[in-house]
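Q:
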Amino acid sequence: MSSFSEDDAFEAAVPLSQRAMAQRPTPYLDGLNPAQREAVETLDGPVLMLAGAGTGKTKALTTRIAHLLATGRARPHEILAVTFTNKAAREMKLRIGSLMGDAVEGMPWLGTFHSVCAKLLRRHAELVGLKSNFTILDTDDQIRLMKQLIVAAGIDEKRWPPRMLAGIIDNWKNKALTPDKISAADAGAFDSKGAALYAAYQRRLLELNAVDFGDILLHVVTIFQTHPDVLQQYQRWFKYILVDEYQDTNVAQYLWLRLLAASHKNICCVGDDDQSIYGWRGAEVGNILRFETDFPGAHVVRLEENYRSTPHILAAASGVIAANKGRLGKTLFTSRTDGEKVRLIGHWDGEEEARWIGEEIEAMQRGTRGMEPINLDKMAIMVRATQQMRAFEDRFLSIGLPYRVIGGPRFYERKEIRDAVAYFRVVVSPDHDLAFERVLNTPKRGLGDKAVQTIRNTAGANEISLFESARLCCQNKLIKGKGLKELAILVEGIDRWHGETIGPVRQIQADNSVFEDESIVAAFDADETEYDHVELAEKILDESGYTASYFKQQTPEEFERGDTLVPIDIEAPGRLENLKELIAQLSRFENLQGFLENVSLNLDNGQEENVEKVSIMTLHSAKGLEFPAVFLPGWEDGLFPSQRSMDQPGILGEKGLEEERRLAYVGITRAEAVCIISFASNRMMFNKDSRGWTSQMPSRFIDELPEPHVEVLTPPGLYGGSYGAAGMAASASPAIAGGAMSNLHQKAHDANVYNSPGWRRLQNRSAQRGMAMPAEARNMTIDLAAVSAFTEGDRVFHQKFGYGEVMGIEGDKLVIAFDKAGSKHVVARFVVSAGQADDVPF
DNA sequence: TTATCTAGCGTTTTT
DNA sequence: CGCTAGATAA
83 MSSFSEDDAF EAAVPLSQRA MAQRPTPYLD GLNPAQREAV ETLDGPVLML
133 AGAGTGKTKA LTTRIAHLLA TGRARPHEIL AVTFTNKAAR EMKLRIGSLM
183 GDAVEGMPWL GTFHSVCAKL LRRHAELVGL KSNFTILDTD DQIRLMKQLI
233 VAAGIDEKRW PPRMLAGIID NWKNKALTPD KISAADAGAF DSKGAALYAA
283 YQRRLLELNA VDFGDILLHV VTIFQTHPDV LQQYQRWFKY ILVDEYQDTN
333 VAQYLWLRLL AASHKNICCV GDDDQSIYGW RGAEVGNILR FETDFPGAHV
383 VRLEENYRST PHILAAASGV IAANKGRLGK TLFTSRTDGE KVRLIGHWDG
433 EEEARWIGEE IEAMQRGTRG MEPINLDKMA IMVRATQQMR AFEDRFLSIG
483 LPYRVIGGPR FYERKEIRDA VAYFRVVVSP DHDLAFERVL NTPKRGLGDK
533 AVQTIRNTAG ANEISLFESA RLCCQNKLIK GKGLKELAIL VEGIDRWHGE
583 TIGPVRQIQA DNSVFEDESI VAAFDADETE YDHVELAEKI LDESGYTASY
633 FKQQTPEEFE RGDTLVPIDI EAPGRLENLK ELIAQLSRFE NLQGFLENVS
683 LNLDNGQEEN VEKVSIMTLH SAKGLEFPAV FLPGWEDGLF PSQRSMDQPG
733 ILGEKGLEEE RRLAYVGITR AEAVCIISFA SNRMMFNKDS RGWTSQMPSR
783 FIDELPEPHV EVLTPPGLYG GSYGAAGMAA SASPAIAGGA MSNLHQKAHD
833 ANVYNSPGWR RLQNRSAQRG MAMPAEARNM TIDLAAVSAF TEGDRVFHQK
883 FGYGEVMGIE GDKLVIAFDK AGSKHVVARF VVSAGQADDV PF
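Everything in the first sequence is counted per the numbering used here, starting at 83 for the first residue and increasing by one.
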């Protein structure tokens with residue numbers, strides 16, 4: 083089991099003049115402050131870089147790599163640099179490139195924990211019973227698999243949902259616990275069955291030659307632990323190790339790093355304990371807190387000079403985070419003296435909060451308070467929970483404010499992408515049962531539970547794959563009716579496409595057995611075959627009927643209207659767009675096999691269009707980003723901090739709360755110049771304990787904002803369109819009636835809408851005018867030209883609501899009866915006429 | 001087998 | 001409210 087493949091040998095053999103490199107000038111050091119410089123120049127031994135928000139940690143990290151290379155300490159392939167996200171890895175590559183010129187060809191070991199480990203695992207797969215072409219299951223596959231096992235084990239699905247059990251196993255994997263290491267205490271409520279189920283799950287994965295995300299790390303750790311020779315080679319190979327976002331590492335990642343760094347201890351971890359927000363996903367802040375114990379003599383460097391935010395924003399963030407205990411402690415400072423205070427404002431309800439923020443964004447876009455106009459791209463709304471996003475989306479859609487949601491479902495997690503990938507997978511390896519099962523009845527082929535069961539049984543009885551079983555079922559007519567015909571077509575199709583990937587590997591013999599052409603299989607292994615995989619991929623999706631399944635047969639009237647292809651639902655055009663993007667991504671890989679090995683780890687969300695938009699995201703996905711203007715809505719107890727975190731008893735409660743507080747810290751420190759925190763007294767909530775309207779106290783974190791750095795805003799009194807205004811003020815929420823309030827709370831409330839002159843004016847006004855808010859009150863530009871492009875009866879398409887018919891025009895809005903989404907008022911420029919929407923790929 | 005209805009549920013989510 | 005999974009109806 084030699085560990086290093088030919089490409090390593092080749093890399094190692096590349097002649098390199100270390101002395102020449104050592105003499106390279108180091109101009110890149112000039113732009114560093116003393117702390118950064120120390121972090122960069124302390125090359126040997128363990129280094130912990132405590133880098134606060136906005137202190138230039140990526141700069142320090144990338145410069146350190148440049149320095150390692152320039153001084154000849156290591157060659158590019160001898161540096162192991164790990165991040166958590168592909169984005170961070172890409173960013174680092176880019177920045178190293180610009181520091182070094184084009185001197186660095188590539189750093190094969192700069193990547194995410196998962197992609198680096200997957201690479202290692204492919205080399206040593208056999209040591210844990212896998213083949214090197216194993217597939218990586220995503221969360222969805224994981225749960226489906228778990229479900230099958232649960233049913234097989236006769237466990238009550240209701241009591242132990244697959245999702246939950248998969249989660250438990252995931253947690254164990256994060257803690258580097260293999261099935262044999264699960265103690266009764268770890269198993270918790272699920273007792274000994276947990277370990278058994280876990281073991282069964284792992285066995286099944288091996289059978290399928292598959293791993294889940296957790297396995298990628300865990301298997302490699304296992305290999306290192308059980309094969310010292312392999313570990314040693316890598317300890318020697320990776321001369322320097324760098325780790326980004328160290329506070330987010332879990333136990334498995336920690337063990338992995340510790341094993342690799344054990345001999346030379348040239349490990350540099352960068353992190354910020356105050357930004358540890360993934361504890362619920364297995365991250366251990368403890369890892370960063372005890373770095374100095376793990377690596378005695380560690381050099382600790384603190385980056386505390388912040389280059390991002392104004393003093394008030396920094397002070398507010400520091401004030402909040404100061405309430406946390408057990409911090410490593412950092413005090414951010416800045417040389418800046420400019421800037422305004424953090425703004426705080428209370429609202430009546432979530433809808434009004436969204437409305438106010440929308441107006442504020444439009445105002446800032448125009449330029450307000452003597453500030454220069456701010457581009458929409460430079461503003462962001464950061465929420466605690468995804469549900470909060472809807473209020474903003476609804477509002478922005480109706481006022482025609484362009485926005486983009488950051489995060490959301492990952493590209494490869496989308497149904498259509500997974501379907502397509504399953505097709506590719508089954509074509510490359512027809513015996514891939516999971517992929518075949520997915521593809522079997524997508525699109526609908528009239529194969530239901532019964533047919534699937536028949537195929538499964540046949541497979542089991544003959545010990546063949548599902549695909550071969552399906553072939554057999556067709557030949558022996560074990561399946562009836564439409565399904566039989568369709569299945570035969572599918573089997574035939576897979577054979578044909580498969581043939582195109584590597585030539586005629588399989589041929590059905592006269593006796594129904596399958597003939598395998600060894601020479602061609604060998605050729606494939608040697609990677610010598612060539613075929614146009616992009617073209618083939620398109621063909622597969624086309625000929626399988628998959629693409630077509632997103633269109634419905636058009637009716638005569640649709641034909642009349644000129645709708646050439648009619649999507650089956652609102653989502654269809656987007657899905658086709660995604661498939662198109664997938665095909666485009668394919669060309670980045672040499673062949674389908676190469677693509678498949680990387681999909682689940684390396685496929686990012688689609689390209690960013692360059693339209694100016696406000697960003698909406700969760701606080702979690704905001705980490706690492708920065709914006710000149712940041713809105714932080716929903717600061718209410720129960721929402722932020724979340725109820726869950728507060729419900730945890732005792733010491734755990736503190737822990738949960740501290741993580742929430744770090745989330746607040748992350749949020750505030752994203753802001754460069756403007757930071758606006760808001761809360762609403764009433765919010766439409768749908769959670770376990772309470773449904774419907776809830777009224778909450780403003781967040782306890784608001785109390786922790788240092789008063790001198792906060793300006794409590796008085797609403798401008800431009801509010802219209804609030805509902806049921808009369809009586810609301812009197813019945814004011816418990817939050818207001820509630821007991822002792824801090825100064826800031828009190829101030830915020832005093833200035834709050836329900837007590838303000840603006841609120842009273844609103845009551846009168848809304849009584850007089852009803853609900854509608856006059857457009858001119860918001861200084862809104864009415865785009866009449868856009869409206870006049872449509873007339874009553876027009877068939878239109880809207881990106882979110884789908885198809886509909888224009889029922890009328892009110893001011894700058896179109897009233898549209900949507901087929902699925904009901905009647906809505908929508909700004910004209912968010913709508914296109916139906917014909918234009920059918921610009922569909924393939 | 002499929003389409004349609006209803007009950008149940010509802011933090012955060014880098015890979 | 002809006003989504004999903006499961007049960008029911010066609």
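Where is the CB? At the ideal position from N, CA and C, for every residue including glycine.
Helix, strand or coil for residue 718, going by three-state DSSP, please let me know.
A: The residue labelled residue 718 in the question sits at position 636 within the first sequence. In this structure, residue 718 counts as strand in the three-state DSSP scheme.
Q: Taking a contact to mean a Cβ-Cβ separation below 9 angstroms, would you say residue 171 touches residue 324 in this structure?
A: Taking the first residue of the first sequence as 1, we reach residue 171 at position 89. Taking the first residue of the first sequence as 1, we reach residue 324 at position 242. Taking 9 angstroms as the Cβ cut-off, residue 171 and residue 324 do not qualify as a contacting pair.
Q: Along the chain, where does the beta strand (DSSP E) containing residue 794 start, and where does it finish?
A: Looking up residue 794 in the first sequence gives position 712. Unbroken beta strand (DSSP E) run through residue 794: 792-794.
Q: From what residue to what residue does the alpha helix (DSSP H) around residue 446 run?
A: In the first sequence, residue 446 corresponds to position 364, counting from 1. Residue 446 -> alpha helix (DSSP H) spans 432-448.
Q: Quick check on residue 600: buried or exposed, where buried means 16 or more other Cβ atoms within 10 Å of its Cβ?
A: Here the question's residue 600 lines up with position 518 in the first sequence. With a pLDDT of only 49 at residue 600, under 50, the local geometry of the prediction cannot be trusted, and the value read off the model is given with reservation. Answer is exposed; the Cβ neighbour count stays below 16.
Q: Do the CB positions of residue 243 and residue 226 come within less than 9 angstroms of each other?
A: For this step, residue 243 is matched to residue 161 along the first sequence. For this step, residue 226 is matched to residue 144 along the first sequence. Taking 9 angstroms as the Cβ cut-off, residue 243 and residue 226 do not qualify as a contacting pair.
Q: Of all the beta strand (DSSP E) runs that stay within the bounds of the segment 384-427, which reach a length of 3 or more residues?
A: none
Q: Helix or strand or just coil, what does DSSP make of residue 733?
A: Reading the first sequence from its first residue, position 651 is the one you call residue 733. Residue 733 falls in the helix class under three-state DSSP.
Q: Quick check: what's the CA-CA separation for residue 590 versus residue 550?
A: Walking along the first sequence from the start, residue 590 turns up at place 508. Walking along the first sequence from the start, residue 550 turns up at place 468. Here residue 590 scores only 39 on pLDDT, less than 50, and its place in the model should not be relied on; the value that follows carries that caveat. Looking at the two C-alpha atoms, the distance is approximately 11 angstroms.
Q: So who's on the other strand from residue 780, going by DSSP bridges?
A: Your numbering for residue 780 matches position 698 in the first sequence. In the DSSP output, where bridge partners are listed per residue, residue 780 has 718.
Q: Taking the beta strand (DSSP E) that residue 474 falls in, what are its first and last residues?
A: Translated into the one-based positions of the first sequence, residue 474 becomes position 392. No beta strand (DSSP E) contains residue 474, which is instead part of the alpha helix (DSSP H) from 469-481.
Q: Only counting the same chain, and skipping five residues up and downstream in sequence, which positions put a Cβ closer than 8 angstroms to that of residue 174?
A: Taking the first residue of the first sequence as position 1, residue 174 is located at position 92. So the list reads 140, 143, 144, 147, 163, 165, 192, 326, once near-sequence residues are dropped.
Q: Would residue 462 pass as a contact of residue 436 if the rule is Cβ separation under 9 angstroms?
A: Position 380 of the first sequence holds residue 462. Position 354 of the first sequence holds residue 436. No. Outside cutoff.
Q: Work out the CA separation of residue 395 and residue 833 for me, nearest whole Å.
A: For the purposes of this step, residue 833 is taken as residue 751 along the first sequence, with counting starting at 1. For the purposes of this step, residue 395 is taken as residue 313 along the first sequence, with counting starting at 1. A caution first: residue 833 carries a pLDDT of 43, below 50, which makes its placement in the model unreliable, though a value can still be read off. Roughly 21 angstroms separates the two Cα atoms.
Q: Apart from the five residues just before and just after residue 742, which ones in its own chain have a Cβ nearer than 6 angstroms to its Cβ?
A: For the purposes of this step, residue 742 is taken as residue 660 along the first sequence, with counting starting at 1. Result list for residue 742: 723, 727, in chain order.
Q: Whole-angstrom Cβ separation of residue 131 and residue 385, contact assumed at under 8 angstroms?
A: Residue numbering aside, residue 131 sits at position 49 when the first sequence is read from its first letter. Residue numbering aside, residue 385 sits at position 303 when the first sequence is read from its first letter. In this structure residue 131 touches residue 385 by the C-beta definition: roughly 7 angstroms separates them, less than 8 angstroms.
Q: Taking all protein chains shown into account, do 16 or more other C-beta atoms lie within 10 angstroms of the C-beta of residue 775, making it buried, or fewer, making it exposed?
A: Here residue 775 refers to the residue found at position 693 of the first sequence. Result: exposed.
Q: Within its chain, find whatever has a CB closer than 8 angstroms to the CB of residue 402; leave out the 5 residues flanking it on each side and keep chain order.
A: Residue numbering aside, residue 402 sits at position 320 when the first sequence is read from its first letter. Contacts found: 743, 746, 747, 750, 783, 786, 787.
Q: Leaving out five residues on either side along the sequence, give the residues of the same chain with a beta carbon under 8 angstroms from the beta carbon of residue 358.
A: Here residue 358 refers to the residue found at position 276 of the first sequence. Same-chain partners within the cutoff: 329, 330, 365, 367, 370, 741, 744.
Q: Got a sec? Which residues, its chain only, sit under 7 angstroms from residue 418 by beta carbon, not counting five neighbours each side?
A: Taking the first sequence and counting its residues from 1, the one referred to as residue 418 is at position 336. The residues are 392, 393.
Q: Assign residue 674 to one of three DSSP states: helix, strand, or coil.
A: Counted from its first residue, the first sequence places residue 674 at position 592. Three-state DSSP puts residue 674 in a helix.
Q: Just the Cα atoms here: how many angstroms apart are residue 321 and residue 337?
A: Walking along the first sequence from the start, residue 321 turns up at place 239. Walking along the first sequence from the start, residue 337 turns up at place 255. Taking the straight line joining both Cα atoms gives about 18 angstroms.
Q: Determine the extent of the beta strand (DSSP E) in which residue 325 is found, giving its start and end residues.
A: By 1-based counting over the first sequence, the position of residue 325 is 243. That run of the beta strand (DSSP E) goes 322-325.
Q: Would you mind working out which of 372, 411, 492 sits nearest residue 169, comparing C-alpha positions?
A: Indexing the first sequence from 1 puts residue 169 at position 87. Among 372, 411, 492, the Cα nearest to that of residue 169 belongs to 492.
Q: Could you check whether residue 715 and residue 760 sit closer than 9 angstroms to each other, using their CB atoms as the reference points?
A: Here residue 760 is taken as the residue at index 678 of the first sequence, counted from 1. Here residue 715 is taken as the residue at index 633 of the first sequence, counted from 1. Yes.
Q: Once you ignore the five residues that flank residue 135 on each side, which residues in its own chain have a CB closer than 6 angstroms to its CB?
A: Counting from one through the first sequence, the residue named residue 135 turns up at place 53. If we look at residue 135 and ignore the five residues flanking it on each side, its Cβ neighbours are 751.
Q: Can you tell me the Cα-Cα spacing of residue 539 and residue 297, whole angstroms?
A: Working through the first sequence from its first residue, we reach residue 539 at position 457. Working through the first sequence from its first residue, we reach residue 297 at position 215. Computed Cα separation, rounded: 29 angstroms.
Q: Which two residues bound the contiguous alpha helix (DSSP H) that contains residue 537?
A: Within the first sequence, numbered from 1, the residue matching residue 537 stands at position 455. Looking at the DSSP string, the run of the alpha helix (DSSP H) that includes residue 537 is 531-544.
Q: Look up residue 496 in the DSSP assignment and say whether it is helix, strand or coil.
A: Reading the first sequence from its first residue, position 414 is the one you call residue 496. Three-state result, residue 496: coil.
Q: Would you call the segment 419-426 in contact with the segment 674-683, where contact means no fewer than 3 C-beta pairs closer than 8 angstroms?
A: Counting Cβ pairs under 8 angstroms, fewer than three are found: no touch.
Q: For residue 625, which residues from the same chain have a beta carbon less than 7 angstroms from its beta carbon, with the 5 sequence-adjacent residues on both sides left out?
A: Locating residue 625 in the first sequence gives position 543, counting from the first residue. So the list reads 575, once near-sequence residues are dropped.
Q: For the ligand ZN, I want to know if residue 353 counts as a neighbour, meaning its beta carbon is within less than 8 angstroms of at least one of the ligand's heavy atoms.
A: Here there are no bound small molecules, and the ligand ZN is not part of this structure.
Q: Can you list, in chain order, the residues of its chain with a C-beta nearer than 7 angstroms to that of residue 821? Leave out the 5 residues immediately preceding and following it.
A: Here the question's residue 821 lines up with position 739 in the first sequence. With a pLDDT of 30 at residue 821, under the threshold of 50, the predicted position of this residue should be treated as unreliable, though the coordinate-derived value follows. The answer is none, since no qualifying residue turns up.
Q: Please state the DSSP three-state secondary structure of residue 223.
A: For the purposes of this step, residue 223 is taken as the residue at position 141 of the first sequence. Residue 223: helix per DSSP, three-state reduction.
Q: Using the three-state DSSP reduction, which class does residue 649 fall into: helix, strand or coil?
A: By one-based count along the first sequence, residue 649 stands at place 567. Correct three-state label for residue 649: strand.
Q: Tell me the DSSP secondary structure of residue 319 in three-state form.
A: The count along the first sequence starts at 1 and reaches residue 319 at position 237. Helix, per DSSP.
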